[in-house]
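Numbering (this note's numbering), first residue to last: 609 to 826. By construction, the Cβ of each residue, glycine as well, lies at the ideal position given by its N, Cα and C atoms.
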Amino acid sequence: MNYQWVGQTEAMPVVEFHDVRAENDRADAYLGLIEGPLAAPFAEAGGGLLGQFRVAGHPDRVMLLRGYAGMPERRRTIEMYLKSAQWQANRASLLEQERQSSVILTRTLMPSSATRPLRLGEGCTAIVSELRFADQIGTYHLWLRLFLRKAGLDPLAAYSTLESVNDVPAVPVIKNRTHHIALVPDSGGVPQLPAELRGMLRYAPEILSLAPAPSLVW
């Protein structure tokens, strides 16, 4: 099976997907804090703001991608970030805007031929799949990528659940579930997966059209 997990040579191989539901009509206020006073302290602590997206058809839903050089770096970054004056000053306001959130902790996954880097400022479609069995992740990734390439949707990036103990209690992550996330060009639709791929999943994949938050558009 010809695939590889991206190693420590990659700048940000550990990625958190934050799926946030803001309170009604509070998404702008939430993003204003994330992109405003809370952006600099996170970056200064060593974290990567890899993308902040709105979800089409869900006006109060926001997806945040945060990257880290590794698990030890993730712990140090978050600890430093939570001690920052900006976080202390804006924490209560941020939580007021947030109705519900969940975090999938992933690591970057790519085939041996590599994938194109995700470029901020562009919209994309996220295909979020939950697998029945963790040991099928390699097969699912390869077959899905082949299927998407034939459909003209060569993935921009792909990620899978990082099977690791979460050593940052302040950021709870989804446990005991295996996710695969593929980001593909936003071209108007994703065809139904074939039966062989659907059979590996617990549920039908969630297809999300992501538009970058306005301040990230170049």
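One or two residues paired with residue i in a DSSP bridge
i	result
Asp762	Paired residue(s): none; Asp762 is not in a bridge.
Pro872	This structure cannot speak to residue 872, because the chain is shown only from 609 to 826.
Arg674	Glu624 and Leu657
Ile745	DSSP lists no partner for Ile745.
Residue closest to residue i, alpha-carbon to alpha-carbon, out of the options
i	options	result
Pro813	Pro820, Thr786, Ala819 and Asp636	Thr786
Pro680	Pro621, Ala803 and Asp743	Pro621
Glu738	Ile815, Val623, Ala637 and Asp636	Ile815
Glu624	Ala637, Asp636, Gly807 and Arg683	Arg683
Ala766	Ala742, Leu750 and Leu717	Leu717
Gly678	Asp668, Pro667, Asp775 and Asn784	Asp775
Thr560	Asn784, Asp668, Ala778 and Glu771	Since the first residue of the chain shown is 609 and the last is 826, residue 560 is not available in this structure.
Asp743	Cys732, Asn784, Asp762 and Glu730	Asn784
Backbone secondary structure at residue i - three-state DSSP
i	result
Pro621	coil
Ser701	helix
Tyr689	helix
Pro667	strand
Ser720	Note that Ser720 scores a pLDDT of 37, beneath 50, so its modelled location is shaky and nothing firm can be said.
Ile815	strand
His626	strand
Pro725	Any reading at Pro725 needs caution, since the residue's pLDDT is 43, under 50, leaving its predicted position unreliable; the model's value is listed next. Three-state result, Pro725: coil.
Leu855	Because residue 855 is not part of the residues shown, which for the chain are 609 to 826, the question remains open.
Glu706	strand
Leu646	coil
Leu754	helix
CB contact flag (residue i, residue j, <8 Å)
i	j	result
Val792	Ile745	no
Ala570	Ala790	Look at the range of the chain in this structure, 609 to 826, and you will see that residue 570 is not part of it.
Ala821	Arg662	yes
Gln660	Ile686	no
Gln694	Leu646	yes
Ser817	Asp794	yes
Contact with chain B by residue i, beta-carbon distance below 8 Å
i	result
Ala637	Among the chains of the structure shown, chain B does not appear; only one protein chain is present.
Meets three-Cβ-pair contact criterion under 8 Å: the region 674–682 and the region 653–665: yes
Given 8 Å, three or more beta-carbon pairs between the region 742–758 and the region 697–716: no
Touching by the beta-carbon criterion (3+ pairs, under 8 Å), the region 628–639 and the region 703–718: In this structure the region 628–639 touches the region 703–718; the number of beta carbon pairs closer than 8 Å is three or more.
Any 3 or more C-beta pairs closer than 8 Å across the region 802–812 and the region 636–650: Cβ pair count under 8 Å is below three, so no.
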